[in-house]
Structure formats: structure tokens, C-alpha cells
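Participant: Under mature numbering (1 follows the signal peptide of the UniProt record, and there is no 0), read the sequence shown as residues -45 to -1, 1 to 1124, first letter to last.
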Amino acid sequence: MIQVNSNSNKDQIFKHNKVRKTWMMGVLTASTILAAVATGSSANADTNWVPTTIEGMKNSIKSEDGKYTFKEGDTFWVISEVLNIKVDRLMEWNGFKPGEEFSIPVGTTIFWDGNHIVIKDNQGETVANKIVTSEDKVNPEDTVAGQVTDTPVNSSVNNLADYVTTSNDNDSANVNTKVDINSESVNTNVDNSSTQKDANPDIEKKSQGNNNSSTIVEGKDNSISQTENEKKETEKQKEELENHKNELEKQKQELEQQKKEAEEKLTEILNNSNNQTKEEIDKNVADAQEKVNQATENLESVKSRLLEVTNKFDEATKINEKSLQDFSQTQYLVNTSQEKVNDLLKQIENLKSKIDVLSESNEATDGNDSSTENNEATDGNDSSTENNDKNVDLSLLKDNLEQLKSELNIADSALKDNANKLIKAQADLNASQDNLDSIKLEKGNIESELVDAQSKLDDAQKTLSEVPNVNSQSSSSEAEALQNKLTEYKEKLASLVGNINTVDNKIIELEQLLKELSKKISDEQLKSTDSNTSLEDTINKVNEDDKNNNIDEKEDEISKIQDKVDSEQLRKELYSSKEKAKKDILNLQYLSTDERYDFVEKINNSMSLDEVNSHLQTALNKDKLIKDKEDERKAEEAKKAEDERLAKELADAKQSAGSSINLLSNLSVDEKAQYIGSIYAAKDLSILKDVILQAQTKDKLNKEEAEKKAAQDKIEKELASVKKDANSQINSLGNLSNKEKEVFISSINKALSTKEITSIILNAQSTDKSNKEIADKKAEEEKNERELAPIRIQAQTTINSLSSISPSEKLEYIQLIKNSKNISEINLIISKAQIKDKTNKETIKKLEEELAKSKSDTQNIINSLSFLTSSEKNRFLTLNSNAKNINDIKSIISQAQLVNKQNEEKQKIEKNLELSKIKAKDSINSLGSLNTSEKNNFLSLLTNAKNVSTINDIVNKANEKNRANKIAADKKAAAEALEKELSSARAKAQSLVNSLVNLKASEKNSFINSIKSAKSFIEINSVVNQAQDKDKANKNNSTGNKSTIFDKRIQNLRAQNNARPLNYDSNLQSAADIRAREIVSKFAHVRPNGTSFTTAINNFGSYSNYSENICYFHKSLIGNGSSQDVAYGFWFNSYVHHQSMINPNFNQYAVSFYEVNGYVYAVTLFGTK
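1) Taking the continuous alpha helix (DSSP H) assigned at ASN774, which residues delimit it?
2) Once DSSP output is grouped into helix, strand and coil, what is the label at TYR1019?
3) Just the C-alpha distance for GLU159 and GLN181, rounded to the nearest angstrom, thanks.
4) Is PHE1121 helix, strand or coil when you go by DSSP?
5) Please classify ALA650: does DSSP put it in a helix, a strand, or coil?
6) Tell me whether the segment 814 to 822 and the segment 786 to 798 touch, counting them as touching only if at least three CB pairs, one residue from each stretch, are closer than 8 angstroms.
7) Check this for me: beta carbons of THR8 and VAL33, under 8 angstroms apart or not?
8) Output the distance between the C-alpha atoms of residue 1127 and ASP29, rounded to the nearest integer angstrom.
9) Quick check on GLN649: buried or exposed, where buried means 16 or more other Cβ atoms within 10 Å of its Cβ?
10) Please report the residue range of the beta strand (DSSP E) in which TYR1067 lies.
11) At the level of alpha carbons, what is the spacing between ASN835 and ASP413?
12) Taking the alpha-carbon positions, what's the LYS997 to GLU1063 distance?
13) Quick one: residues in its chain with C-beta nearer than 6 angstroms to the C-beta of LEU448, no 5 flanking neighbours on either side, listed in chain order?
14) For the segment 686 to 724, list the alpha helix (DSSP H) runs that are entirely contained and at least 4 residues long, ordered along the chain.
15) Closer than 8 angstroms is the cut-off here; do at least three beta carbon pairs connect the segment 361 to 376 with the segment 254 to 268?
16) Where does GLN78 fall in DSSP's three states?
17) Report the three-state DSSP secondary structure of HIS570 (helix, strand or coil).
18) With distances taken Cα to Cα, identify the nearest neighbour of PRO1043 among ARG1032, GLU276 and ILE1052.
19) In the DSSP output, which residue or residues are listed as bridge partners for SER1047?
20) Let me check understanding here. Comparing Cα to Cα, which of GLY21, ASP20, LYS22 and ASN49 lies closest to PHE31?
21) Could you have a look at ASP68 and say whether DSSP puts it in helix, strand or coil?
22) Out of ALA250, GLU357 and ASN297, state which residue places its alpha-carbon closest to the alpha-carbon of LYS411.
23) What residue from TYR545, ASP553, LEU543 and SER561 has the CA that sits closest to GLU528's CA?
24) Would PRO1099 and ALA1039 qualify as a contact pair, given that the criterion is a beta-carbon distance under 8 angstroms?
25) Which class does LYS970 belong to by DSSP, given the choice of helix, strand or coil?
26) When you compare each of LEU1017, ALA988 and SER957 to ASP1002 by their alpha carbons, which one comes out closest?
27) Can you tell which of GLN945, GLN852 and ASN980 has the C-alpha that lies nearest to the C-alpha of ASN964?
28) Where does PHE1108 sit, in a helix, a strand or coil, going by DSSP?
29) Name the DSSP bridge partner or partners of LYS85?
30) Give the straight-line distance between the Cα atoms of ASN373 and GLY1084, rounded to the nearest whole angstrom.
31) So THR24 is in the beta strand (DSSP E); what residue range does that whole segment cover?
32) Among GLN192, ALA386, TYR444 and VAL93, which one has its Cα closest to the Cα of ALA217?
33) Quick one: residues in its chain with C-beta nearer than 6 angstroms to the C-beta of SER(-15), no 5 flanking neighbours on either side, listed in chain order?
34) Under the rule that 16 or more other beta-carbon atoms within 10 Å means buried, what is LEU1120, buried or exposed?
35) Flag this pair as yes or no: are the beta carbons of LEU1023 and ALA932 separated by less than 8 angstroms?
36) Return the CA-CA distance between VAL1118 and ARG1030, expressed in angstroms with no decimal places.
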């Protein structure tokens, strides 16, 4: 559901994208420019700045070009979206940081080859050479700059940088080289042809020409042969390297086998050693167990921290999503405000043009009137009337202009406010994103800690299960020797692997060289074949004719050679024309190197003189166009220089004022910077004087404060000396702990007077004395404790040997022994324990006798309870038999007596309940307005009733039902009379609906069904009114028919998301037309009658699935577009509505638009058939 406020464009729905940290420079700059226009300030260069759009940049970039040069109007954000590189990465690689003031580096060129990019500034210096990773991309699934693949064509990272350097720095050289090569090729062909032409009259000379051709072929064959020899030599080197590699691999396998045998031997020695003593084994087990316990505690701690940080991460994610939504909404408001300002600017410019034209026309008319005023009075009157009309038009236009300027001021103010909100939303989003990233990093670290903790626990448990034995001396020596041998093997293996890798790299280089040589041989063979075939064939034919002495055929061959020479002459003229055209192009001053190179390439590929002249003329025209633009630029620079001269006078005054500020010695650097900043922001000299006066006043105040500070520093210096001596005294006190010394020294350092320091020293000395007394006392206690330790152990053994004391009592006595201070206390405790043991034995015997007697008495009591069932008696007798003490038996007796009493009361209640049921049945049977079924129902409820209260409720309900039946019978008679009247009204309404000629059959059926189901005259009248409205709307060709713009957009959207196309459904259209009018009074997915929107669909057809999208907006939002564009945009940018549009389950749809009171209401219905 999408709702737009009728009085503003603020409430919109926006597409949810992941927003990168960007600085909307283009928007802020535009806001500043528009403010200047709105206040009527003079024009400046910045007012022509137009931001480049994403679509505009996409149209100007081709991925196969491999480069793009930044131009005026570009923003990092637009370039980021087009090249698929995150904006913060792009800014960082160009030398900018988020939040800094910056402008796009115009002239900077970015080159790409797969995911490899190189950035050069406008001076040709490389500022970045990067590989773009998935983390650097806006969309990790897309390629850089829309290329087919991210795999670079050049295998080395440096190849692109080398290519960029060559293509930028050596453009002219490349062009000249290409031209020279072509020239050499043409000259060679001409020379060969000329040789043939000169040889025509003489057979011997012709043979000489043949020999010349053979010489050329032989020279090329020699070149090919030389290249083949080089290839064979390279193949030989490769074969030798591969043999060497095989030898190294063999050595590696032998070493690995030796290493494996040594490891097995070492493991066998370690496993066979079992000479540990019991004490050593116990110690090893205890140590291993302690490590397991520590690892377990650490694992639980990490799990607890992970749970806590996961909760924090979930909360931070919600905050980030909220910030993202706020940023998207604010960004949309900024874009909307910007578009409105741009539209107002265009209207103002148009009005200004009209006013200028009308003003010039009035001036011309006034001149004509004055020249003919004396001679043509009548014409003067006509002209005066015409001038009055023009003046009225001019006045109206000026009024409109002022009104537009006022609207522009309001729109510009809204743009600035929204821009400020955008900056704040950006900051909030950055903060929430940083917080989320920080928590995510913390979560990742804790997860790594969890893995490490689990690994440590596994290792500790493994160690515990495999505690190694102590090796014998001989085994230990052998193990040490094997360990050293293993180290030696590992070092040799590492060296061999390095050698093998080196050989592999060399083999790869040789394979690459072999590919290049093969290509070179192929190219040279192709050239040799192309350049010699025609000449060689011709000469061979002539030689064959000489042998046959066929003069006529010889003359034909000579004629053909002459034709070929003529053809070569034409090629020579074409070559000459090309050379002259290329020279002219290379001399053009205003074309770039790339452009000149492109035109030279086109001329080289030309097949006729006309084509050469056409390319040359295009180049000349383009050079002239660039020259004209350059002349305009120079004129603008001249004007700019004049403006700079006028500004220099104020700048000189500011320079002098800045020097005066710098001479004030008592100002801080920041204060000077602030005052100098105010000076350079000043607009006139009076402001400069005020700033200087403020600075001088501040300088004087600073001087007074400095003098006060000097006096205070002197006092603090004296106090610091006292503190130093006091700290030395504290450190000399030998009975203070380091922490106590730190506390006293900290108090001294914070003290503000000598008296306070003296008090702290006295306190420290007192503490030192007290510490000494405590230490002496503790030493005495430790001595006593060492003497009592073996006596305590013996006493604990005695306590544990007493059989009639419980474990808890033993623990209490043992704890008393541990806390005892002397031998007499220990003996007293042992005596008490022995007495307790004896007493417990006598008590236990007595209790067993009493328990047996109580069980016998309890058995007699249970058997005497007459209301207990047999199973209940058996249960209580079993509990009595298993009782462990007197209290248990007393509890069993109480429970048995309680159950006996409950059973007695239950029998009394059941008897009363049966009497109440009989009385209630008689009462229900006496009710005259109940039918037989109702009576039977109440009687059945009575049968199942469990208490008297329920019986009374049933009787009350029966009485109420009896009264309700009587009332219903009376109402039924009245309702039958009303239904008769409603039936008559329905028949009239149906007849009226059938008479409406503009309704479809399905629409009529829907309205008639609604009339049939109507329950009142009001509902019938409402349906009739709806039918009449629909009939009128159909007649006026409502916009509820299938919309081609909307249909094209939604079909494209579904195709992009792999969803099947939608079919237009006339039944859904009828329902959509009704819903478009219903949401005017109740904007919800519930109809005005309180039912779901689905009832409108079901009136016209049946669908297994359906969905509804609705929105409304003020028609001022339509602008130059259409209602279909606005509605589609709202639903596209809302997640829920977007999902409905791309739901693959739907295959039917219809959309309807209804306009009323300046608002457009839109409905789309989807269904599945």
C-alpha cells in the first residue's frame, strides 16, 4: 500500500539498495548554484554545470574500449555505478577520503583489462594499479565495466600498466610506425611491378625478373628457416629442462621415502617405551587432565561471549536497516527537489526569452510611431492600441516571472534543507554501518576463537588419552638422532621443491616463446605466399610458353603483365594520395593523438581515392570544430582574467591584513588561522578593519593570560619539587606493596599543597609499620602450620575409619581439623567424633525397633478405613511396608485418612446430584416453546452434568431459549412481511441494472448478484448507484483498460526475474475498476462493506491465487510522465508490492486508474488460472 500526502511530495516509497558511503557532491553543488540564480546574482561559470547521469555515462562508455576519461559533470558515485567499483574504493585510489572536500579530477583516465585497472591523472602519472576483488565491487556478481569476463587478456599484472604507458606516452610514435610499415609494403610492391614492366620486351630480362622474384622468396624463406631453427633450439632446451625436472622428481621421491621410514622408526621407539614410574604416570595424567579442564572452561567462556555478541549483531543489523531506509527516503526527497528546481529554472529562462522578444518589439514599434506621427494619425492610433496590448502581455509575463522566482526560492530552500538532512542521514548510516562492521569483525574473531578453543580441547583430550611414557636412555638417543635426520630430509626436500618450481617456471617461459615463434613463422609464411604468388605464377607461365615457342600466347601473357603494371600504377596513385592525406592529418593541431591515429587507420584501410578524400575532409571538419571551441575557450579565459584583475585589488588588501595578524605574537596558530580566514572571507575593507581590531584585542587578552599562567607555573614548579622528594620517601618504605606505593604516589601527584603531601607521607609510614607487624605474625602462623600438617593427616584418617558417622558429619569433623590451631584442639575433635560414632550406633538400633512397631500399628489403621477401595488400601499398605522412618509412616496414615474422608463426601454429593437431575428434567419438559430437539439437547446435557451448579445453569439456559423462541416466532412474522417488500425492490433494481447499456455482461451479473444478496433498501440503492457510476465511466472511456506503458514495464520486470509473462484478464479488469473507486472512500485491502478485496474478484471469476497492489497520489506528481509511470514507480520501490509483481505463480492481471478531485487512485489485481 502506498499513500502520498496531497500537499507535498515528501511522502514517497523508495527502492531498498545497499547504500555505499558516498558524498553527494553533485547535489550540494547544484543547490549552491540554484541559490545564486534565485537571488538574482550575476551569472558565473558554475551555473552551467550539469551532473552526468548513469544512463548518460553508460551510453558514452563501451566495455571493449578499455578506458574512460573523467570529464566535467562526472561524480564518483555515477562512475562507481557504471564501472561496478565501490565509491569509497574509487575515491581512495584517486587520493580522496570520505568526508573531505573534493572535486572530480577532470582529465584523469581509468583503464581496465578484466578486473585489472590502472588510473592515470591528467599529467599522465600513474596514481593507482589495482586488481578489483569482489569486495571492491558494488555488485560482486557483475564484471568490471560490463565486460564479458573479469579475466585479464594480459597474463601479467604489469602488462596493462605497460600498455597504458605506451598508448598514452607514445601515441605519435605508434602512428608514425604504422605509416612507415605501410609505406614500406607499398614501395616493395611497386618496385616488383616496375621490374616486371621493364622486362616485357626481352625474354632474357624477363628471366632476370623471375630470378629477382626467386631471390625475394629465397630471402623470406631464409627468414622463416632462421625462425624455425630458433624454435628447434628452444624445443631442445625445453626437452633438456624436462629431463632435468624428471631427475629432480626422482630424487624427491627417494628422499620422501627415506623421510617416511625415519618417521615410522621414531614413532615405533616412542610407542615401545614404557619405563615410567607410577608417580610420573600420575603426574602426567594430572597435568593432562588440568589442561582438559582449562580448555573446557575456555570453550564455555568463548561460547558465552559469542552468544552475547550475536545478540548485539542482530540489534545492530536492525539499526543499520533503519538508517538505510532513512537515507534512501532522504535521497529521494533531494532528487525530487532537484528536479523541481531544474524545471522552475527552465520556465524562468523561457519567460525571460519571451519578455526580451516582446520588449524589443515594443521598442521597434515606438520608433516607427514617432517617425510617422504627424503624417498618419489613424495609423498612429492603431499602433498605439497594439502597443497597449503588448504592454499588457509584457506586464503579465513579468508578473508570472516574479511568481516563478518566488516558487524557485521556496524550492531551493527545500532543496537545501533536504541536502542537510541527507548529510545527517549519511552520517547516521556511516555510523551504523561502522558499528555493524565492528561487531561483525568482533563476532568473526570470537568465532575463530571458538574454533581454536575447540581445537585446543580436542588436542588436550587426545593428549590425556595418549600420555607418552618416559623413554629409556638408549631409545631417547636413537629418537634424537632420527629427529635430526628428519630435519635434514625436510630441508633437502624444500630445496628440491624450490629447484623443481624454478625449472617449471623456465619451461613455461620456453613454451610461451615457442608459441610466439610458431606464430611468427606462420605470419612470415603467409606474407611470403601473399607477396610472391601472383608474380611467381606469371613468370612460370611465361617460361613454359617460351619452351613451347607459342608466340601468340606469349603476347597475351605480356599483355596481362602490362595490365597488372597498370593496376600497380593505380595502387601507387592511391598510396601517394594516402600518404599525403596522412601527412595532412598528422599536421592537424587540434585533433588528439588518438583521433589522428584513428583517421590514419581509416585512410590506410581505404580502397579508393574518394574514400581517402572523404576521411580527410571529415578530419579537417572535426579539427576546425575543435579549433572553434578552443577559440571560444580562450575568449572565456580572457574574460576570466579580467575578473581576476578586479578581484586582485581586494586580495592585496587581504594580504596586508593577513600580515598584520601574523605580527601579533600573543595569538595562537589556530586563532591566527581563524582571523585570517575571516579576512579572506570579508567582502569589503570595513569588515577587514573590524577583524584586525578584534585580533588586536584578543592579542592583548592573551598576553595578560600568559602572565598569569607564568606565575601559576612558578608555584606548580615548587610543588613539583616537594612531590619528587615525597615520592622518594614513599619508595624507601620497605614494607609497602607496589600497589600501595602506587596509590600513595598517585595521591601525592594529585595533591594541591605541601600540607596535603605531609599528611600522605605520615599515612604511608603508618601503613608501612602496620604491614611489618602483619608480616611477622603471618610468619609465626606459617611455622605452626608446617608442624601441624602431618598430625592433621593422621587425625583425618582416624575420622574416616568411624563407620557410624555419615559422610556429611565426617566432612564437618575433617573441616574442623583443618581449621584447628594446635594439637589439643585436634585431640578434642577426634574425641567428639568417637563419642558421636558410639551414640549413632545405639540410636540406630532403637529407631529400627520403633519403626517395626509403627508399621504394624499403621497396617491395622489402614485396614479399618471402610471408604477406601481395595486398590487404595493395597497402595497405602505398600507405602507403609517401604517406609524408612516414623515421619514417613505418619504421613502415610494422614494421606489414607484424607482419601477415606474424600470418598465418603463424594458418595454424598453423587446422591444429591441425582435428585437435582430428576427435578431439572421435569422443569425442562414443562417448557412449551422448546421443540423436541432442543429439549433432548438440554436433557442430554443434564445427563452429563457433574455438579448441581451445572444443572442450574442448564435449566436457566433452557428457560432463556424458551423465551428467545417465543420472541423469534414473533419477529419471523414481521420479517416475512419485510422480505416481501425487499423482493419487490430487488426486482426493480435488477431491471434497472439490465437497462444500463454500457455495462459488460460480467459487470451486470456482479451488480445483480450484489442486489440479490442485499439485506436492506440502503444496500440495494448503493449497488444501483455503483452500477450507474460504472455505466457512466464505461461510456466516458475510463482509464481502467489495459495500460500499454504499465504492461510493458511489468512484463520486462518479470522477464528480468525469470517469471512467466502475465495475461491481461477482463474479469480482473472489472474487479479492478470497482476497487479503484472503492479505495477513494476506504483506502485499504478491505471493501467499504467490511469484506475482503477478494470478494470483488470472486464476483467475476475464480482464481487459485490472487493479490492486490493499491496506491494513490496527487496528479501534480505525474509531471511529463503518466499515471502509469508514477504508480509503477511506487510499487517497484516497495519490497512487498515488488514481490507481487515478480511472483512466478501469477499468470493473469489487470490494472485500473481512477481520477477524482485532483487525485489518481490505482489498483493492480493478480491471479492464477
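Glycine is no exception: its CB is placed at the ideal position from the N, C-alpha and C atoms. Predicted, not measured: the structure shown is a model, and the values here were computed from it.
Facilitator: On the basis of the supplied data:
1) Per DSSP, the continuous alpha helix (DSSP H) segment holding ASN774 begins and ends at 762 to 774.
2) strand
3) Here GLU159 scores only 39 on pLDDT, less than 50, and its place in the model is too uncertain to base an answer on.
4) Three-state DSSP puts PHE1121 in a strand.
5) helix
6) no
7) Yes, the pair counts as a contact, with Cβ atoms nearer than the cut-off.
8) One cannot answer for residue 1127 here, as it falls past the ends of the chain, which runs -45 to 1124.
9) exposed
10) DSSP places TYR1067 in the uninterrupted beta strand (DSSP E) bounded by 1061 to 1069.
11) 52 angstroms
12) Because LYS997 carries a pLDDT of 46, less than 50, the predicted location of this residue cannot be relied on, and no value is offered for it.
13) LEU210
14) 693 to 705
15) Because the criterion of three Cβ pairs below 8 angstroms is not met, the segment 361 to 376 and the segment 254 to 268 do not touch.
16) coil
17) helix
18) In this structure, ARG1032 is the residue among ARG1032, GLU276 and ILE1052 with its C-alpha nearest to the C-alpha of PRO1043.
19) VAL1041
20) ASN49
21) Secondary structure of ASP68 (DSSP, three-state): strand.
22) ALA250
23) Nearest neighbour of GLU528 by Cα position, chosen from TYR545, ASP553, LEU543 and SER561, turns out to be SER561.
24) no
25) coil
26) LEU1017
27) GLN945
28) strand
29) ILE72
30) About 21 angstroms.
31) Taken as a continuous stretch (DSSP letters only), the beta strand (DSSP E) holding THR24 covers 22 to 24.
32) TYR444
33) Unreliable positioning characterises SER(-15) in this predicted model, as indicated by a pLDDT of 31, which lies under 50. The coordinate reading is nonetheless provided below. Counting only residues of its own chain and dropping the five nearest sequence neighbours on each side, SER(-15) has a CB closer than 6 angstroms to the CB of LEU370, LYS371 and ALA374.
34) buried
35) no
36) Straight-line Cα distance between these residues: approximately 7 angstroms.
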